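Q: Sending over a structure as structure tokens; questions will come in a sec.
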Amino acid sequence: MEFEEEVMEPVSPLGQYCNSSVLSISVLVILEMGIPIDDSQTMSLLRDVNTNGKKQWKKVEVKLEDHVNVPIFPSGLSLESYDRYFNDYLSKIAMERFPQNRPLWELHIIKYPNTNAAGNVVFKLHQSLGDGYSLMGALLSCLQRADNPSLSLTFPSRKRSKLQSDKEKSLFSFVPQIFSSAFNTLSDFGRSILKSNLFEDDQTPIRSGDDRVEFLPITITTVAFSLDKLKLIKSKLGVVLKILGGHEVAARYVTKTLRSSSMTISNMIGPVEEMSLANHPITGFYFVGAGLPEDLGITIVSYMGKLRVAFRMAKGHIDSHKLKSCVENAFETIFEASNKLPSY
């Protein structure tokens, strides 16, 4: 009888920081479907821990029924009522920690329409599986172009502005940039050390100061901006527009730094074309972090000519409707004011 020795790979430091006794960070990716959903999704990312307590990756048998969830809501409700049920469900799964005896991913299929979509597919992925770009790459590899599945998805090109190009013609222009980058790096590092040990942001309308905020219910609201409008603002103001990237001890350091901060901002560049999943067109998508110890998290992703901004906030501390209204009004004020200026 032959035995094959099982090879296990160590978990990266980031993976260990994000899945510890003091910190457990997940990412919720919400796909908004253009037509009613019929159930069909699979995905497999696996992990395990050996008997010595050292975290390692291990291939295991995946039981899809343990990972795929289809919640049942009351039938015949209004779209606004399903908005509330959907948000409550997102809050519930965001607060739940993954079981440690199976791969750290879940799929949630919400077959009820709301004001944004005919149905929603939610991927919950643990941050220890990879960084944001790795997780987004794995997810996008499961999706296709809605107009022509045989073609690959394309992403916006990052063109340098004329202002940047003129500055970079001279070799000496790099010197202040190098010193500036070095100063900013040292400054950010020093500030994070101080914030994790000595200082913290004041309590404000967007920061409660609660020591266990990562375990509180959350609410999520999103705002969509036209990229064409943003580019127009850029041209009027003459600015550069960038579409925004011992483990227990390290995890405590990360947790202290985040808990002492008012908010975090994360961003990704999404596809230009409409995507589809199993012949279901995806009219919009966004992502939010879960398990982070601060009251407000802002995530940004571009898709189909729009910039989708999602706000994840502690329920009851921040008025989500007022925040959304303030952001929308601020954008319109900036857009209207920039329209009165000449283009650069």
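Counted the way UniProt numbering counts, the sequence shown spans residues 1 to 344. For glycine and all other residues, C-beta sits at the position ideal for the given N, C-alpha and C. Here the structure is a predicted model, which is why all the values come from computation and not from measurement.
#1: Does DSSP put LYS340 in a helix, a strand or coil?
#2: Alpha carbon to alpha carbon, what distance is there between ILE300 and LEU222?
#3: Considering just the uninterrupted stretch of the alpha helix (DSSP H) at GLY297, what are its terminal residues?
#4: Under three-state DSSP, which class holds GLU80?
#5: I'd like to know if the stretch 272-291 and the stretch 25-41 are in contact, where contact means that at least 3 CB-CB pairs between them fall below 8 Å.
#6: In whole angstroms, give me the CA-to-CA distance for HIS126 and GLY270.
#7: From the beta carbon of CYS326, is the nearest beta carbon of chain B less than 8 Å away?
#8: How should PRO74 be labelled, buried or exposed, when 16 other C-beta atoms within 10 angstroms of its C-beta is the threshold for buried?
#9: Could you have a look at TYR112 and say whether DSSP puts it in helix, strand or coil?
#10: Per the contact definition of three or more C-beta pairs closer than 8 Å, is the stretch 140-155 in contact with the stretch 270-279?
#11: Measuring alpha carbon to alpha carbon, tell me which of CYS326, TYR85, PHE123 ends up nearest LEU107.
#12: Considering only the beta carbon of each residue, do LEU90 and PRO113 sit closer than 8 Å?
#13: Pairing CB atoms from the stretch 313-325 with CB atoms from the stretch 333-344, are three or more of them under 8 Å?
#14: Report the three-state DSSP secondary structure of ILE35 (helix, strand or coil).
#15: Do ILE109 and VAL70 have their CB atoms nearer than 8 Å?
#16: On the criterion of 16 or more Cβ atoms from any shown chain inside 10 Å, does THR120 qualify as buried, or is it exposed?
#17: Would you tell me roughly how many angstroms separate the C-alpha atoms of SER81 and SER157, rounded to the nearest one?
#18: Could you tell me the alpha carbon to alpha carbon distance between PHE331 and ILE37, rounded to whole angstroms?
#19: Which two residues bound the contiguous beta strand (DSSP E) that contains SER226?
#20: Rounded to a whole number of angstroms, what is the C-alpha to C-alpha distance between LYS92 and LEU237?
#21: Taking the alpha-carbon of ARG84 as reference, which of TYR303, LEU143, ILE233, SER320 has the nearest alpha-carbon?
#22: Measuring only the C-alpha atoms, how far is ALA224 from LYS306?
#23: Let me confirm a value: LEU64 is counted as buried when at least 16 other C-beta atoms fall within 10 Å, else exposed. Which label applies?
#24: Under a three-way DSSP split, which group does LEU323 fall into?
#25: For CYS326, I'd like the list of residues in its chain whose CB is within less than 8 Å of its CB, leaving aside the five on either flank, ordered along the chain.
#26: Can you tell me whether DSSP reads SER235 as helix, strand or coil?
#27: From GLY132 to VAL29, what does the alpha carbon distance come to, in whole angstroms?
#28: I need the straight-line Cα distance from ASN87 to LEU232, nearest angstrom please.
A: Per the coordinate set shown:
#1: As a working note, residue 340 is residue 340 in the sequence shown. If DSSP states are grouped into helix, strand and coil, LYS340 belongs with coil.
#2: Taking the sequence shown and counting its residues from 1, the one referred to as residue 222 is at position 222. Taking the sequence shown and counting its residues from 1, the one referred to as residue 300 is at position 300. Here the sequence assigns Thr to residue 222, which means Leu is not the residue at that position. Between THR222 and ILE300, the C-alpha separation is close to 10 Å.
#3: Numbered from its first residue, the sequence shown carries residue 297 at position 297. For GLY297, no alpha helix (DSSP H) segment is defined; the enclosing uninterrupted segment is the beta strand (DSSP E) at 296-303.
#4: Indexing the sequence shown from 1 puts residue 80 at position 80. In the three-state reduction of the DSSP assignment, GLU80 falls in the helix class.
#5: They touch, by the three-pair rule.
#6: Working through the sequence shown from its first residue, we reach residue 126 at position 126. Working through the sequence shown from its first residue, we reach residue 270 at position 270. Approximately 20 Å between the Cα atoms of the pair.
#7: Absence of chain B from the displayed structure is noted, only one protein chain being present.
#8: What you label residue 74 is simply residue 74 of the sequence shown in a count that begins at 1. By the neighbour-count rule (16 or more Cβ atoms within 10 Å), PRO74 is not buried but exposed.
#9: Working through the sequence shown from its first residue, we reach residue 112 at position 112. TYR112: coil per DSSP, three-state reduction.
#10: The count of Cβ pairs closer than 8 Å, one atom from the stretch 270-279 and one from the stretch 140-155, reaches three, so the stretches are in contact.
#11: Locating residue 107 in the sequence shown gives position 107, counting from the first residue. With distances taken between Cα atoms, LEU107 lies closest to PHE123.
#12: The count along the sequence shown starts at 1 and reaches residue 90 at position 90. The count along the sequence shown starts at 1 and reaches residue 113 at position 113. It is not a contact, given that the beta carbons lie outside the stated cut-off.
#13: No, the stretch 313-325 does not touch the stretch 333-344.
#14: As a position in the sequence shown, residue 35 is number 35, starting the count at 1. The three-state reading of DSSP puts ILE35 in coil, since its state is none of H, G, I, E or B.
#15: Walking along the sequence shown from the start, residue 109 turns up at place 109. Walking along the sequence shown from the start, residue 70 turns up at place 70. Contact flag set, yes.
#16: In the sequence shown, residue 120 corresponds to position 120, counting from 1. Thr is not the amino acid found at residue 120; the sequence shown has Asn there. So ASN120 counts as buried.
#17: Residue mapping note: residue 81 aligns to position 81 of the sequence shown, counting from 1. Residue mapping note: residue 157 aligns to position 157 of the sequence shown, counting from 1. Spanning the two alpha carbons is a distance of roughly 40 Å.
#18: The residue you call residue 331 lines up with position 331 of the sequence shown. The residue you call residue 37 lines up with position 37 of the sequence shown. So the two alpha carbons sit approximately 34 Å from each other.
#19: Translated into the one-based positions of the sequence shown, residue 226 becomes position 226. Per DSSP, SER226 belongs to the beta strand (DSSP E) from 218-226.
#20: Position 92 of the sequence shown, counting from 1, holds the residue named residue 92. Position 237 of the sequence shown, counting from 1, holds the residue named residue 237. The alpha-carbon separation between LYS92 and LEU237 amounts to approximately 43 Å.
#21: Indexing the sequence shown from 1 puts residue 84 at position 84. When each option's Cα is compared against that of ARG84, the closest is SER320.
#22: Here the question's residue 224 lines up with position 224 in the sequence shown. Here the question's residue 306 lines up with position 306 in the sequence shown. For ALA224 and LYS306, the distance between alpha carbons rounds to 6 Å.
#23: To locate residue 64, count along the sequence shown from 1; it is residue 64. Classification for LEU64: exposed.
#24: Position 323 of the sequence shown holds residue 323. Helix at LEU323.
#25: The residue you call residue 326 lines up with position 326 of the sequence shown. For CYS326, where only same-chain residues beyond five positions count, there are no Cβ hits under 8 Å.
#26: Taking the sequence shown and counting its residues from 1, the one referred to as residue 235 is at position 235. It is helical.
#27: Residue 132 sits at position 132 when you count from the first residue of the sequence shown. Residue 29 sits at position 29 when you count from the first residue of the sequence shown. Cα to Cα, the separation comes out at about 11 Å.
#28: For the purposes of this step, residue 87 is identified with residue 87 of the sequence shown, where counting begins at 1. For the purposes of this step, residue 232 is identified with residue 232 of the sequence shown, where counting begins at 1. ASN87 and LEU232 have their C-alpha atoms some 33 Å from each other.
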